[in-house]
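Colleague:
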Amino acid sequence: MEARAGARPDWHLSLGIWVMIAALQHAEAGITCARCPWPVRLHQEELQLTEESLRSVQVEFRAEDDTLDEVAPQDATLGSGRDQGSGAASALLRAKRSGPELAEFGGADVGAPGERGPALDGHRAGRPDLRWSREDGGASNPLSSSTFALTGDSAHNHAVVYWSGRNSSVSLTPPHTPLKCPLSTDYGTTYEKMNDKFGLKTVLSYLYICPSNKRKIMLLTDPEFESSILISTDEGASFQKYRLSFFVLSLLFHHTEEDWALAYSHDQKLYSSLDFGRKWQLIHEQVTPNRFYCLPSTAPSSSLYLSVADVQYITCRAQMCTEANRNYPFPGFIDISSLIVQDDYIFIQVPTSGRATYYVSYRRDSFIEIKLPKYSLPKDLHIVSTDEKQVFAAVQEWNQNDTYNLYLSDTRGIFFTLAMENVKTTRGIGGNQMLDLYEVAGIKGMLVANKRQDSQVKTYITYNKGRDWRLLQAPPTDLDGNEIHCILPFCSLHLQLQMSENPYISGTISTKSSSPGIIVATGNIGAELSYNNVGMFVSSDAGNTWRQIFEEEHNIWFLDRGGALVAVKMPSVPTRHLWVSFDEGRQWSQHTFSSVPLFVDGVLVEAGADNQIMTFFGHFSHRSEWQLIKIDYRAIFSKKCTEEDYQTWHLHNQGEPCVMGQKQIYMKRRPGNHCMLGVDYSTVLSAESCICRAHDFECDYGYERRSDGNCRPSFWFNPFTVSRSCSQGQNFFNSTGYRKVVLNNCTKGVKEIYTARKQQCPNRPPRGLILTTKDGKLTANRGSNVTFLVHFDEGNSMQTNIQLDFGDGTAVSYSNLSWTEEGIKHGYKSAGIFRVTALAENTLGYDTTTLFLHFPLHLSLIFKSAVFANQSCFLEKTYPDQRITKWKGSFLPPPPPTVA
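Heads up: the sequence shown runs through residues -29 to -1, 1 to 871, numbered per mature numbering (1 follows the signal peptide of the UniProt record, and there is no 0).
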């Protein structure tokens, strides 16, 4: 909702470690965020290792990309009062980008090496003994390939593959073994043992590659044996070993300064290094896990954002984060694990006794409370994305269990309007839930969502960021050419929108930014979404029309910047063939990549590289060794594409050429041409702004769309309410009930009619006077100060007199509301119930309100210190106007109290 004011903390992703967004239990409400292309789980339960599960093969794939900075799992959940130590978690994510397209990734792999969540399941357990005679038939063109077997490691059920992205480095590491750590610098054709460079007895834990200089590598040793770091500045050719005085739980690299890094330790301490891990300096203790962010050094005031255990939000510079140099942008405490920094936005949640309260800072400005519709009572709020100059948020209301409501904000992230109700969630591995919302890559404003309607779930598509939704038209014929009778709205095409938890096994839907308009997905045709009798479908025109391409589920990858599609059967089926299409799925040619059928556990394709290499990972049988098969697919191309090999394609929405306020024309390879696109291939040919029309505007905050298509005030919203900060002589923007869809590029037309109008602030009598205490409580301890807050919905704040009677014989008066912005403090010396009255008055009228404040008679219980036979004792710690006894040692009944 990432996830992504100034500079963003472009997270670095270790491929294959999916984002685990841990949520703390027992919270009344919480915020999560998503910075990843695959689903984050809701209510994630920790998988228990059994004898059966240990027999299954787990594989993790890691690669590095220029846009990704974070290399360690990072919890991204906002909540209060939850137990971090439990094995449960709560999180949410929509499916954003497809497959292993690294340039599209914006997520982060977060958490401790030992807490990274379940590794990728290689699908070996329980695989059926299948025949593949059907694959053996027909013409098959062999591809150039080479196979590497990790000999002697058939007993290992877990391995990690890294791809540095420079010099074609690939290393495969079975964790917690001193035996093998092979490295390849020729895309996996040959390998050498890295262990020879740092000692055979060194037990490795994790490998990290600097995102801004991929020749720099960090290796962490297993802390059960030693705490050391091995550093290479020549892409693994040599290593230097340095001892550490702490155990590294997670690492975070700066995305531009290649030698800057942050390390988080097991004892909640945060360290910084300015020389790529050779020396480390303690920054702060008791830092909240996964709640620290490293921003560019050009950030306005600070480059390091963190929350500490008290819990407070702190900013400072990594190289001088002393108490004197720390800033506290938010006055007061925030909920534990409630700091999220993404793109131009910072989100926090504050502790409240009732309804959850969320705050946002836009471009590092002051925090402002997030405004959801007044009827909304969220128990969970998830930041879906922030990378298109507004915030997408999924909110689970108090009465929802397996659905969320989708909201969109204004540019500042303050005012949220409803985009879709009851977006479905899907339960995955170990009880995970994933939001069925997918952002189509390459086309701005295009989303696909599964919505629960009554007892049915249907798939909808939008081309204008949720302003309008419609069902998908089913294909006219099936694979055999038989006509399909499917009439909207009673029958339509429905898609599964889950991204694979293994990023190198494609999800049920795939798109690529370099291939705009092409969508490949698993789905079904009928009255509702079903997981039976599914097939594979493709759209070449951005969801307007669809064709069926397979009767069975396949994994789909985009080759040559989307110029070709490659399909492989699902991982549970062994195969030695792959299928390639050059005409967007209309025809497929079969190619052989292995002489022996392979259980494919994953496929690695280096994004953005000028090569034609794929690497398949898997096993020939249940007990065979790891197999890495390098495939050179350049032979399937006949030549490099020339101008004659391209054609234009006009983006449209059911014939409407203006999408998001502009006419967009793309370049695409002509279907059937077997030419290679190359690195200089550009997709967008032209974009021309359109005249603004009604569908370019959505309903503003406080308004809702009626049956006639017009935006009218909601039942809870008073459109004549003027902000209390608006004073006579000043101006304000009076909403027309509409606001332009963010990033819509239309001009002129109805723009002036629908745009908010600048008006002078009127002089009005005060109305809607509200009196509260700053902490929201109506009880306090005798002798303590109480801070009162006064505001009103209507009236001239600068010319309205404020009077406050505290109910104990004292009162104060202020000439205008600005004097009370920080609150009005008052101390009560006696116990009792006090009636506090506020009066707001100007020349046009007045308003009054009252609250009752209770100061109970307090009895302090004092236990006398004592040393008992077993030498147990207790400590007495005094808080304001109360004494709390904490026991130390073994527990014994306390002595009888005396009343003070």
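Built from N, CA and C at the ideal position, the CB exists for glycine as well.
Using 10 angstroms around the beta-carbon of residue 747, count the other beta-carbons present and answer buried if the total reaches 16, otherwise exposed.
Modeller: As a working mapping, residue 747 is identified with position 776 in the sequence shown. By the neighbour-count rule (16 or more Cβ atoms within 10 Å), residue 747 is not buried but exposed.
Colleague: Should the stretch 327 to 341 be called in touch with the stretch 407 to 414, which here means at least 3 C-beta pairs below 8 Å?
Modeller: Taking 8 Å as the limit for Cβ pairs, the verdict is that the stretch 407 to 414 does not touch the stretch 327 to 341.
Colleague: Hey, quick one: how far does the alpha helix (DSSP H) through residue 659 stretch, first residue to last?
Modeller: Translated into the one-based positions of the sequence shown, residue 659 becomes position 688. Run containing residue 659: none in the alpha helix (DSSP H); it sits in the beta strand (DSSP E), 655 to 660.
Colleague: Counting C-beta neighbours from all protein chains within 10 Å, is the total for residue 264 16 or more, i.e. buried, or is it exposed?
Modeller: Locating residue 264 in the sequence shown gives position 293, counting from the first residue. The residue is buried, with at least 16 neighbouring Cβ atoms inside 10 Å.
Colleague: What does DSSP give as the partner residue(s) for residue 620 in the beta ladder?
Modeller: Locating residue 620 in the sequence shown gives position 649, counting from the first residue. Looking at the DSSP assignment, residue 620 forms a beta bridge with 637.
Colleague: Between the stretch 505 to 522 and the stretch 619 to 630, are three or more C-beta pairs nearer than 8 Å?
Modeller: yes
Colleague: For residue 778, which of 807, 725, 319 and 338 has the nearest alpha-carbon?
Modeller: Residue 778 sits at position 807 when you count from the first residue of the sequence shown. Residue 807 is the option with its Cα nearest to residue 778.
Colleague: Please list the terminal residues of the continuous alpha helix (DSSP H) segment that includes residue 725.
Modeller: Position 754 of the sequence shown, counted from the start, is the residue given in the question as residue 725. Segment 722 to 725, the alpha helix (DSSP H) holding residue 725.
Colleague: Can you grab the Cα-Cα spacing for the pair residue 214 / residue 283, in whole Å?
Modeller: Translated into positions along the sequence shown, residue 214 becomes position 243. Translated into positions along the sequence shown, residue 283 becomes position 312. In this model, residue 214 and residue 283 are separated by some 32 Å (Cα to Cα).
Colleague: Say whether the stretch 740 to 760 touches the stretch 821 to 829, bearing in mind that this needs 3 or more beta-carbon pairs closer than 8 Å, one atom from each stretch.
Modeller: yes
Colleague: Around the C-beta of residue 20, are 16 or more other C-beta atoms found within 10 angstroms, so that it is buried, or is it exposed?
Modeller: Within the sequence shown, residue 20 is the residue found at index 49, counting from 1. Because residue 20 sits at a pLDDT of 27, beneath the cut-off of 50, its placement in the model cannot be relied upon, and the point is left open.
Colleague: DSSP on residue 788, reduced to helix/strand/coil?
Modeller: Residue mapping note: residue 788 aligns to position 817 of the sequence shown, counting from 1. Three-state result, residue 788: helix.
Colleague: Relative to the C-alpha of residue 179, which candidate in 156, 197, 223 and 194 has its C-alpha closest?
Modeller: Taking the sequence shown and counting its residues from 1, the one referred to as residue 179 is at position 208. For residue 179, the nearest C-alpha among the options comes from 223.
Colleague: Output needed for residue 645: all residues of its chain with C-beta closer than 6 Å, excluding positions within five of it in sequence on either side, in chain order.
Modeller: Looking up residue 645 in the sequence shown gives position 674. Same-chain partners within the cutoff: 553, 608 and 609.
Colleague: Assuming residue 703 contacts residue 730 under a Cβ cut-off of 8 Å, what Cβ separation, rounded to an integer in Å, is found between them?
Modeller: Within the sequence shown, residue 703 is the residue found at index 732, counting from 1. Within the sequence shown, residue 730 is the residue found at index 759, counting from 1. Indeed they touch by this definition, with Cβ atoms about 6 Å apart.
Colleague: Residues in the same chain with beta-carbon distance under 7 Å from residue 339, minus the five sequence neighbours each way, listed in chain order, please.
Modeller: Residue mapping note: residue 339 aligns to position 368 of the sequence shown, counting from 1. The residues are 330, 331 and 385.
Colleague: Would you check if the stretch 565 to 574 and the stretch 465 to 483 touch, i.e. whether three or more CB-CB distances between them fall below 8 Å?
Modeller: yes
Colleague: Pick out whichever of 442, 255, 205 and 390 has its Cα sitting closest to the Cα of residue 235.
Modeller: Locating residue 235 in the sequence shown gives position 264, where the first residue counts as 1. Residue 255 is the option with its Cα nearest to residue 235.
Colleague: Would residue 230 pass as a contact of residue 245 if the rule is Cβ separation under 8 Å?
Modeller: Stepping through the sequence shown from its first residue, residue 230 is reached at position 259. Stepping through the sequence shown from its first residue, residue 245 is reached at position 274. Cβ distance < 8 Å, so residue 230 and residue 245 count as in contact.
Colleague: Ends of the beta strand (DSSP E) at residue 298?
Modeller: Sequence index remark: in the sequence shown, residue 298 carries index 327 (1-based). Looking at the DSSP string, residue 298 is not in any beta strand (DSSP E), and its letter there is neither H nor E.
Colleague: Determine the direct distance from the alpha carbon of residue 768 to that of residue 365, and round the result to whole angstroms.
Modeller: Start at 1 with the first residue of the sequence shown, and residue 365 comes out as number 394. Start at 1 with the first residue of the sequence shown, and residue 768 comes out as number 797. Rounded to whole angstroms, residue 365 to residue 768 spans 35 Å at the Cα level.
Colleague: Measuring straight from C-alpha to C-alpha, what distance separates residue 389 and residue 445?
Modeller: As a position in the sequence shown, residue 389 is number 418, starting the count at 1. As a position in the sequence shown, residue 445 is number 474, starting the count at 1. Cα to Cα, the separation comes out at about 28 Å.
Colleague: In chain order, what residues of the same chain have a beta carbon less than 8 Å from the beta carbon of residue 664, not counting five sequence neighbours either side?
Modeller: The residue you call residue 664 lines up with position 693 of the sequence shown. Excluding positions up to five away in sequence, the list reads 629, 717, 720 and 721.
Colleague: I'd like the span of the beta strand (DSSP E) that includes residue 352, first residue to last.
Modeller: Residue 352 sits at position 381 when you count from the first residue of the sequence shown. Unbroken beta strand (DSSP E) run through residue 352: 349 to 356.
Colleague: Which parts of the stretch 392 to 478 are runs of the beta strand (DSSP E), unbroken and 3 residues or longer, counting only runs that do not cross its ends?
Modeller: 404 to 410, 418 to 424, 427 to 433 and 463 to 466
Colleague: Anyone know if the C-beta pair for residue 201 and residue 210 falls short of 8 Å?
Modeller: By 1-based counting over the sequence shown, the position of residue 201 is 230. By 1-based counting over the sequence shown, the position of residue 210 is 239. For residue 201 and residue 210, yes; Cβs fall inside 8 Å.
Colleague: Can you give me the Cβ contacts of residue 784 inside the same chain, cut-off strictly under 6 Å, excluding the 5 residues immediately before and after it?
Modeller: Counting from one through the sequence shown, the residue named residue 784 turns up at place 813. Same-chain partners within the cutoff: 774.
Colleague: Can you grab the Cα-Cα spacing for the pair residue 488 / residue 299, in whole Å?
Modeller: Taking the sequence shown and counting its residues from 1, one reaches residue 488 at position 517. Taking the sequence shown and counting its residues from 1, one reaches residue 299 at position 328. If you take the alpha carbons of residue 488 and residue 299, they lie about 46 Å apart.
Colleague: Would residue 804 be called buried (16 or more neighbouring beta carbons within 10 Å of its own) or exposed?
Modeller: Translated into the one-based positions of the sequence shown, residue 804 becomes position 833. Exposed.
Colleague: Relative to the C-alpha of residue 316, which candidate in 603, 588, 360 and 562 has its C-alpha closest?
Modeller: Here the question's residue 316 lines up with position 345 in the sequence shown. Cα-wise, what sits closest to residue 316 is 360.
Colleague: Rounded C-beta distance between residue 600 and residue 116? I'm assuming under 8 Å.
Modeller: Working through the sequence shown from its first residue, we reach residue 600 at position 629. Working through the sequence shown from its first residue, we reach residue 116 at position 145. The Cβ separation is near 6 Å, so the contact holds.
Colleague: Taking all protein chains shown into account, do 16 or more other C-beta atoms lie within 10 angstroms of the C-beta of residue 295, making it buried, or fewer, making it exposed?
Modeller: Position 324 of the sequence shown, counted from the first residue, corresponds to residue 295. With fewer than 16 Cβ atoms within 10 Å of its Cβ, residue 295 is classed as exposed.
Colleague: Measure the C-alpha to C-alpha separation of residue 786 and residue 770 and round it to an integer number of angstroms.
Modeller: Here residue 786 refers to the residue found at position 815 when the sequence shown is read from its first residue. Here residue 770 refers to the residue found at position 799 when the sequence shown is read from its first residue. Using only the alpha carbons, I get a separation of about 7 Å.
Colleague: Could you give the distance in angstroms between the alpha-carbon of residue 428 and the alpha-carbon of residue 435?
Modeller: Counting from one through the sequence shown, the residue named residue 428 turns up at place 457. Counting from one through the sequence shown, the residue named residue 435 turns up at place 464. Roughly 22 Å between the two C-alpha positions.
Colleague: Can you list, in chain order, the residues of its chain with a C-beta nearer than 8 Å to that of residue 736? Leave out the 5 residues immediately preceding and following it.
Modeller: Position 765 of the sequence shown, counted from the first residue, corresponds to residue 736. Cβ neighbours of residue 736 beyond the five flanking positions: 765, 766, 813, 815, 816, 817 and 818.
Colleague: Between the Cα of residue 414 and the Cα atoms of 525, 647, 511 and 426, which residue gives the shortest distance?
Modeller: Taking the sequence shown and counting its residues from 1, one reaches residue 414 at position 443. The shortest C-alpha separation from residue 414 is found at 511.
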